[in-house]
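Everything in the sequence shown is counted per my numbering, starting at 25 for the first residue and increasing by one.
Even for Gly, the Cβ is constructed at its ideal location relative to N, Cα and C.
Since the structure comes first, as structure tokens, the remarks are kept for the end.
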Amino acid sequence: MAHAQLPVLERPRKLTMRQDAWWVQPAVVATLLTAFLVYATWAAFQNAHYTYGPYLSPFYSPELFGSSSHAWFGPKPGWWPALLPFSPALLILPFPGLFRVTCYYYRGAYYKAMWADPPSCTVKEPRDIYRGEQTFPLIMQNIHRYFLYVALLFLLFLARDVWDALWFTDPATGHASFGIGVGTLVLALNVVLLSSYTFGCHSLRHIVGGYLDQLARRPVRRTAYACASCFNRWHMRWAWLSLFCVAFADIYIRLCSMGVWHDVRIL
Ligand code: FES
Numbered sequence: 025m026a027h028a029q030l031p032v033l034e035r036p037r038k039l040t041m042r043q044d045a046w047w048v049q050p051a052v053v054a055t056l057l058t059a060f061l062v063y064a065t066w067a068a069f070q071n072a073h074y075t076y077g078p079y080l081s082p083f084y085s086p087e088l089f090g091s092s093s094h095a096w097f098g099p100k101p102g103w104w105p106a107l108l109p110f111s112p113a114l115l116i117l118p119f120p121g122l123f124r125v126t127c128y129y130y131r132g133a134y135y136k137a138m139w140a141d142p143p144s145c146t147v148k149e150p151r152d153i154y155r156g157e158q159t160f161p162l163i164m165q166n167i168h169r170y171f172l173y174v175a176l177l178f179l180l181f182l183a184r185d186v187w188d189a190l191w192f193t194d195p196a197t198g199h200a201s202f203g204i205g206v207g208t209l210v211l212a213l214n215v216v217l218l219s220s221y222t223f224g225c226h227s228l229r230h231i232v233g234g235y236l237d238q239l240a241r242r243p244v245r246r247t248a249y250a251c252a253s254c255f256n257r258w259h260m261r262w263a264w265l266s267l268f269c270v271a272f273a274d275i276y277i278r279l280c281s282m283g284v285w286h287d288v289r290i291l
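This is the structure we're talking about:
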């Protein structure tokens, strides 16, 4: 029996039929992420102006080794290779950095903005192969949930920094007394925004109860799941607000330390 010849469909040549300015959002995302990456890398290599009074920049917290009074284990260790530049930030920044890089929201954002994969909804990729996250290296994105555990630990360190930022030492007497400065508020806001971002993590929702068929019989997990879902609804906004705030906290402490800005004591 002769088969009817099926028509061969032409691949659409245009990237998209969309008429709106679909490229604006990926362009803005690419610009902001690049600006943050450049600034954070520059700040991490400075190894200077990361403390001011009781304040410690979140880019350098926890300070494991370093020259400030916040350092847990004293100055730069003797085993540090002489050829490598040293900065306390280089020891810890990869952990929160990889938490963000592997975040489900940021993945969607930078796949579109940086790799055009695809650039936007109903806009074609400028390539024909799509391998998804099934193969190396993108399969590594699945380690996100392990970075979540580290990120939760970092929230404790940053909360401890806010506590430290409440105690101002009098240079004349050496006594520490309670106080609140603008820097204290900036560091506190940073913890609030980072917590809101972290508690809305998709992996956290899964860990606390998303894997269960029935949550109704597990009241604690049901409440935790509801809380995580509540934060998750704004995950994108928390992601950006916390990114801006952590950069601003570093800038604030840096400029105060350089004498460009003056920290105002509120209490
Ligand atoms: Fe965004 Fe986990 S999915 S922090």
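Name the DSSP bridge partner or partners of residue i?
i           : result
residue 193 : 200
residue 76  : 79
residue 224 : Bridge partners of residue 224: none, in fact.
residue 205 : 289
Taking its Cβ as the centre, do 16 or more other Cβ atoms sit within 10 Å of residue i, making it buried, or is it exposed?
i           : result
residue 199 : exposed
residue 99  : exposed
residue 85  : buried
residue 277 : buried
residue 166 : exposed
residue 168 : buried
residue 287 : buried
residue 240 : exposed
residue 130 : buried
If you draw a straight line from the alpha carbon of residue i to that of residue j, how long is it in whole angstroms?
i           : j           : result
residue 258 : residue 224 : 8 Å
residue 59  : residue 187 : 30 Å
residue 95  : residue 184 : 13 Å
residue 78  : residue 104 : 27 Å
residue 263 : residue 134 : 13 Å
residue 283 : residue 117 : 25 Å
residue 202 : residue 75  : 18 Å
residue 157 : residue 142 : 14 Å
residue 237 : residue 275 : 46 Å
residue 72  : residue 64  : 13 Å
residue 153 : residue 106 : 44 Å
residue 195 : residue 102 : 31 Å
residue 132 : residue 150 : 17 Å
residue 244 : residue 41  : 49 Å
residue 10  : residue 248 : Past the edges of the chain, shown from 25 to 291, lies residue 10, and the structure says nothing about it.
residue 46  : residue 56  : 17 Å
residue 231 : residue 285 : 43 Å
residue 197 : residue 246 : 52 Å
residue 108 : residue 146 : 46 Å
residue 226 : residue 180 : 20 Å
residue 97  : residue 70  : 20 Å
residue 66  : residue 235 : 41 Å
Among the options, which residue has its Cα nearest to the Cα of residue i?
i           : options            : result
residue 128 : 78, 163, 99, 269   : 163
residue 218 : 172, 201, 104, 132 : 172
residue 39  : 139, 148, 182      : 148
residue 110 : 51, 74, 193, 90    : 90
residue 144 : 236, 222, 197, 44  : 44
residue 126 : 113, 197, 161      : 161
residue 178 : 119, 130, 213, 212 : 119
residue 221 : 229, 93, 260, 275  : 260
residue 252 : 269, 170, 229      : 229
residue 62  : 242, 142, 244, 121 : 121
residue 266 : 237, 210, 97       : 210
residue 136 : 97, 106, 197, 51   : 51
residue 193 : 93, 244, 153, 285  : 93
residue 191 : 47, 291, 170       : 291
Is residue j closer than 7 Å to residue i when the C-beta atoms are compared?
i           : j           : result
residue 159 : residue 189 : no
residue 123 : residue 175 : yes
residue 205 : residue 289 : yes
residue 138 : residue 271 : no
residue 250 : residue 82  : no
residue 280 : residue 213 : no
residue 304 : residue 113 : Within the shown structure, residues of the chain are numbered from 25 to 291, placing residue 304 beyond reach of any answer.
residue 182 : residue 216 : no
residue 80  : residue 115 : no
Following a CB-centred definition, is residue i positioned closer than 6 Å to any heavy atom of the ligand MG?
i           : result
residue 251 : Absence of the ligand MG is noted for the structure shown, with the ligand FES being the only ligands found.
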